[in-house]
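Q: Numbering (full-length UniProt numbering), first residue to last: 1 to 230. Ideal placement from N, C-alpha and C gives every residue a C-beta, glycine not left out. Quick caveat, the model's predicted, so the values are computed rather than measured.
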């Protein structure tokens with residue numbers, strides 16, 4: 001199979017968009033940078049694109065994990081345990097995290113080997129909502145609601161964040177829903193209005209909420225209905 005066709009099959013990219021990304025050096029095959037859209041791959045090829053490793057023989061496995069504090073959302077890390085230490089599944093090297101959480105952030109993490117499915121969730125064009133429970137060092141003002149709705153400038157960013165919905169739960173406690181996934185976005189948004197996040201927990205991705213019956217460190221397979229939400 002051609003590399004550009006495979007990339008289209010695993011994402012919502014058009015053939016021309018896939019070809020452009022490949023020529024720009026955005027895709028690796030078996031750890032080697034490949035810039036030829038017509039490059040042929042086989043069933044054993046490992047294709048890395050947008051931080052996700054894709055394979056031809058996708059197993060279409062989907063999991064929900066209640067991430068505890070102290071775990072990183074990567075397949076390997078030299079300094080910390082990864083969320084994959086919490087799973088007991090075959091061929092875990094083919095699995096990847098859909099939308100990472102920081103080391104100290106807890107809550108809902110999705111894990112799959114379906115690159116096209118994960119791309120629909122993480123791609124900015126789909127604006128998939130993520131909802132977080134936030135604990136803050138200082139009281140949250142009512143003004144923050146309108147500030148976040150209008151968008152704020154993050155440090156070293158030239159564009160405002162997309163409109164976000166803030167619900168104040170207590171003096172130093174809030175629920176925030178964002179529709180993009182910038183690096184450390186929730187922490188940086190509160191920093192932009194002079195506050196500091198001291199606790200962060202992801203409750204929901206899109207319409208899918210974290211299962212209340214999952215204790216920190218536990219996981220389960222998604223149902224077909226849950227998978228179909230994305």
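Any chance you could list the alpha helix (DSSP H) runs of at least 4 consecutive residues sitting entirely within the stretch 84-128, in chain order?
A: Correct list: 115-122.
Q: Starting from residue 5, trace the alpha helix (DSSP H) both ways and give me its first and last residue.
A: For the purposes of this step, residue 5 is taken as the residue at position 5 of the chain shown. It spans 3-9 - the alpha helix (DSSP H) in which residue 5 sits, taken as one unbroken run.
Q: Out of curiosity, what's the CA-to-CA distance linking residue 140 and residue 68?
A: Locating residue 140 in the chain shown gives position 140, where the first residue counts as 1. Locating residue 68 in the chain shown gives position 68, where the first residue counts as 1. Their Cα atoms are separated by approximately 25 Å.
Q: Could you please give me the residues that DSSP links to residue 66 through a beta bridge?
A: Start at 1 with the first residue of the chain shown, and residue 66 comes out as number 66. Partner(s): 108.
Q: Taking its Cβ as the centre, do 16 or more other Cβ atoms sit within 10 Å of residue 119, making it buried, or is it exposed?
A: What you label residue 119 is simply residue 119 of the chain shown in a count that begins at 1. Buried is the call here.
Q: Are the CB atoms of residue 130 and residue 181 within a distance shorter than 9 Å?
A: Indexing the chain shown from 1 puts residue 181 at position 181. Indexing the chain shown from 1 puts residue 130 at position 130. In contact: residue 181 and residue 130 (Cβ atoms closer than 9 Å).
Q: In or out: residue 16 buried (at least 16 other Cβ within 10 Å) or exposed?
A: Here the question's residue 16 lines up with position 16 in the chain shown. Looking at its Cβ environment, which holds fewer than 16 other Cβ atoms inside 10 Å, residue 16 is exposed.
Q: DSSP beta-bridge partners for residue 177?
A: To locate residue 177, count along the chain shown from 1; it is residue 177. Answer is 131, 165, bridged to residue 177.
Q: Taking just the CA atoms, how far does residue 171 sit from residue 11?
A: Taking the chain shown and counting its residues from 1, the one referred to as residue 11 is at position 11. Taking the chain shown and counting its residues from 1, the one referred to as residue 171 is at position 171. So the alpha carbons of these two residues sit roughly 42 Å apart.
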